[in-house]
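Q: As numbered in our numbering, residues 22 to 409 make up the sequence shown, in order.
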Amino acid sequence: MDDPFAPRPEHKFSFGLWTVGNRGRDPFGDPVRPRLSPIEIVELLEEVGAWGVNLHDNDLVPIDATPAERDRIVTEFAQACGTHGLKVPMVTTNLFTDPAFKDGAFTANDPAVRAFAVQKAMGAMDIGAELGATILVMWGGREGTETDGCRRPDVAVARLREAVNFLCEYSLARGYGYRFALEAKPNEPRGDIYMPTTGAYLGFIPTLDHPEMVGVNPEVAHVHMTGLNMTHAVGQAWEVGKLFHIDLNDQVIGRFDQDLRFGSANPKAAFWLVKFLEDVGYDGPRHFDAHAYRTEGIDGVKDFARGCMRTYLILKDKAARWNLDPEIQDLVSALDHPSHPAPPVGRYSDKGAAALRSYDVDRTALGSRELHYERLDQLTTDILLGVR
Ligand code: GCO
Ligand code: MN
Ligand code: MN
Numbered sequence: 022m023d024d025p026f027a028p029r030p031e032h033k034f035s036f037g038l039w040t041v042g043n044r045g046r047d048p049f050g051d052p053v054r055p056r057l058s059p060i061e062i063v064e065l066l067e068e069v070g071a072w073g074v075n076l077h078d079n080d081l082v083p084i085d086a087t088p089a090e091r092d093r094i095v096t097e098f099a100q101a102c103g104t105h106g107l108k109v110p111m112v113t114t115n116l117f118t119d120p121a122f123k124d125g126a127f128t129a130n131d132p133a134v135r136a137f138a139v140q141k142a143m144g145a146m147d148i149g150a151e152l153g154a155t156i157l158v159m160w161g162g163r164e165g166t167e168t169d170g171c172r173r174p175d176v177a178v179a180r181l182r183e184a185v186n187f188l189c190e191y192s193l194a195r196g197y198g199y200r201f202a203l204e205a206k207p208n209e210p211r212g213d214i215y216m217p218t219t220g221a222y223l224g225f226i227p228t229l230d231h232p233e234m235v236g237v238n239p240e241v242a243h244v245h246m247t248g249l250n251m252t253h254a255v256g257q258a259w260e261v262g263k264l265f266h267i268d269l270n271d272q273v274i275g276r277f278d279q280d281l282r283f284g285s286a287n288p289k290a291a292f293w294l295v296k297f298l299e300d301v302g303y304d305g306p307r308h309f310d311a312h313a314y315r316t317e318g319i320d321g322v323k324d325f326a327r328g329c330m331r332t333y334l335i336l337k338d339k340a341a342r343w344n345l346d347p348e349i350q351d352l353v354s355a356l357d358h359p360s361h362p363a364p365p366v367g368r369y370s371d372k373g374a375a376a377l378r379s380y381d382v383d384r385t386a387l388g389s390r391e392l393h394y395e396r397l398d399q400l401t402t403d404i405l406l407g408v409r
């Protein structure tokens, strides 16, 4: 029988070159896995059943490559993706590894660093356009501080705006058709990163010259690091049409930046997230921005990648069960019914305001209504634990 949890192209599962290519280096220890070339990674992703591969400019093209080397590398990579049936939906720019960016890229005080950052982002967009990418992720890993003596935070925001505006115009001028997805993170590698939450970016986007081109890329781990709720962050982005991309992984609150296999630490939070994405019909890439444990070799990397996709599909199946479960649906459908007749709020009108003013509310009845969330959540737990 066919595996019902096997990945298929329509699931749009993607991995970054830096994710399955992660060599297990950490602040305390050297790499534990061999370096895989970008083309070897494409082969691995085909083997495990992924649909797409994403990259930073320098995951593919070394920072010191000559223009001729760059052209050859990009052409060969495009051919390999074609041969192995992998799409390149998203590109991003490495604005954090090189020491030039030690105090930020777009927000750095030194105008030469800011110029280099924009130059590098344009180069990444050129690479992505050649590979067919239409999503540009911007993650400001070094855009932050350890001491706020270095610059005013409002100045940093203004510099970030200038860079995003410039790059939107660059995409338009070149006809690249990019949609920009801004990725928030509260800290690491900086002590504090500007734009720590998806909500901060949702406030920033309307201040841009081309807000219609710019959305967000929420990441599970970055939300969990602060103890917040990923599904709520995603829900707010979705509601304003700004969920342009998503980074799926996992993270235990209060720990170092773990980048765990999707659903491995907080399967219930992952369930609500998958259920939301599937219920609303999100049809963008499901990108896994995570990496295998440092204990693993290449076999373990494959187990990790397969595990991310399998868990997503299991949770998708659980969400469908939840939606079809009669007892759950009885509980849920009761929730939106008024306990007794009440005027709708709706859009303001003098008549509506008068109706609400004269509404004879029964506070005691409202406060004593039983909601049955214990039952609802236990039924959810039963589904997740496989007994329902
Ligand atoms: C992190 C981030 C990165 C970005 C990537 C794309 O915590 O390091 O999640 O993995 O997503 O650089 O811009
Ligand atoms: Mn991350
Ligand atoms: Mn990420």
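Cβ atoms here follow ideal geometry from the backbone N, Cα and C, with glycine treated the same way.
Can you name, in chain order, every residue of its own chain whose Cβ lies under 8 Å from the Cβ of TYR380, other than the five neighbours on each side?
A: Only ALA363, PRO364 meet the Cβ criterion.
Q: Once DSSP output is grouped into helix, strand and coil, what is the label at ARG384?
A: In this structure, ARG384 counts as helix in the three-state DSSP scheme.
Q: Does the beta-carbon distance from PHE292 to GLY256 come in below 8 Å?
A: No; because the gap between Cβ atoms is not below 8 Å, this pair is not in contact.
Q: Residues in its own chain within less than 6 Å of TYR215 by CB, not counting five upstream and five downstream?
A: Cβ neighbours of TYR215 beyond the five flanking positions: GLU164, GLY165, ALA177.
Q: Once DSSP output is grouped into helix, strand and coil, what is the label at ASP403?
A: Here ASP403 sits in helix by DSSP.
Q: Looking only at C-alpha atoms, which of ASP346, VAL295, ALA86, ALA376 sits nearest to ASP403?
A: That would be ASP346, whose Cα lies nearest to the Cα of ASP403.
Q: Hey, would you say the C-beta of GLU209 is under 7 Å away from at least one heavy atom of ligand 3?
A: Flag unset: Cβ of GLU209 not near ligand 3.
Q: Excluding the 5 residues preceding and the 5 following PRO30 in the sequence, name in chain order all residues of the same chain whose CB lies nearer than 6 Å to its CB.
A: Closer than 6 Å at Cβ, skipping near neighbours: TRP72.
Q: In terms of DSSP beta bridges, what is MET246 paired with?
A: DSSP, once it has assigned bridges, lists no residue as partnering MET246.
Q: How far does the alpha helix (DSSP H) with PHE325 in it extend, from its first residue to its last?
A: Where PHE325 is concerned, the enclosing alpha helix (DSSP H) stretches over 319-345.
Q: Identify the continuous beta strand (DSSP E) that holds ALA202 and give its terminal residues.
A: 200-204 is the span of the beta strand (DSSP E), which, as asked, contains ALA202.
Q: When the distance is taken between beta carbons, is ALA254 closer than 8 Å to GLY284?
A: Not closer than 8 Å, so no.
Q: Excluding the 5 residues flanking TYR191 on each side, which residues of the same chain have their C-beta closer than 6 Å to its C-beta?
A: Closer than 6 Å at the Cβ level, and outside the excluded window around TYR191, lie MET143.
Q: Could you tell me the boundaries of the alpha helix (DSSP H) in which MET111 lies?
A: Careful: MET111 lies outside any alpha helix (DSSP H), inside the beta strand (DSSP E) at 111-113.
Q: Classify SER370 as helix, strand or coil using the three-state DSSP reduction.
A: Looking at SER370 - three-state DSSP - the assignment turns out to be coil, as it is neither helix nor strand.
Q: So who's on the other strand from HIS308, going by DSSP bridges?
A: Note: HIS308 sits in a beta bridge opposite SER35, ASP268.
Q: Classify TRP293 as helix, strand or coil using the three-state DSSP reduction.
A: Here TRP293 sits in helix by DSSP.
Q: Rounded to the nearest angstrom, what separates GLY318 and ASN79 at their Cα positions?
A: When rounded, the distance between both Cα atoms is 23 Å.
Q: I'd like the span of the beta strand (DSSP E) that includes ASN75, first residue to last.
A: Here the beta strand (DSSP E) through ASN75 covers 73-77.
Q: Return the first residue and the last residue of the alpha helix (DSSP H) that GLY144 is part of.
A: From DSSP, the alpha helix (DSSP H) with GLY144 extends over 132-152.
Q: Could you compute how far the alpha carbon of GLU90 sits from the alpha carbon of HIS105?
A: Taking the straight line from one Cα to the other gives about 22 Å.
Q: Within its chain, find whatever has a CB closer than 8 Å to the CB of ARG182; leave out the 5 residues flanking it on each side and keep chain order.
A: Within the same chain, ARG182 has close Cβ partners PHE225, THR228, LEU229.
Q: Taking all protein chains shown into account, do 16 or more other C-beta atoms lie within 10 angstroms of the C-beta of GLU348, making it buried, or fewer, making it exposed?
A: Under this definition GLU348 is an exposed residue.
Q: Would you check whether ligand 3 has a heavy atom nearer than 7 Å to the C-beta of ASP383?
A: Because no heavy atom of ligand 3 lies under 7 Å away, the Cβ of ASP383 does not count as near it: no.
Q: Go ahead and label PRO88 buried or exposed: buried means 16 or more other beta carbons lie within 10 angstroms of its beta carbon, across all protein chains shown.
A: Answer is exposed; the Cβ neighbour count stays below 16.
Q: Any chance you could list the residues with Cβ under 7 Å from a heavy atom of ligand 2, keeping chain order?
A: This criterion selects LYS206, GLU240, ALA242, HIS243, ASP268, ASN270, ASP278, ASP280, ASP310.
Q: Report the rounded CA-to-CA distance for LEU188 versus SER370, giving the unit in angstroms.
A: Near 43 Å, if we compare the C-alpha coordinates of SER370 and LEU188.
Q: Report whether the distance from the Cβ of HIS77 to the nearest heavy atom of ligand 1 is below 7 Å.
A: Yes, the beta carbon of HIS77 sits closer than 7 Å to at least one heavy atom of ligand 1.
Q: Mind checking which residues open and close the beta strand (DSSP E) that includes MET216?
A: Unbroken run through MET216: none, as it is neither H nor E.
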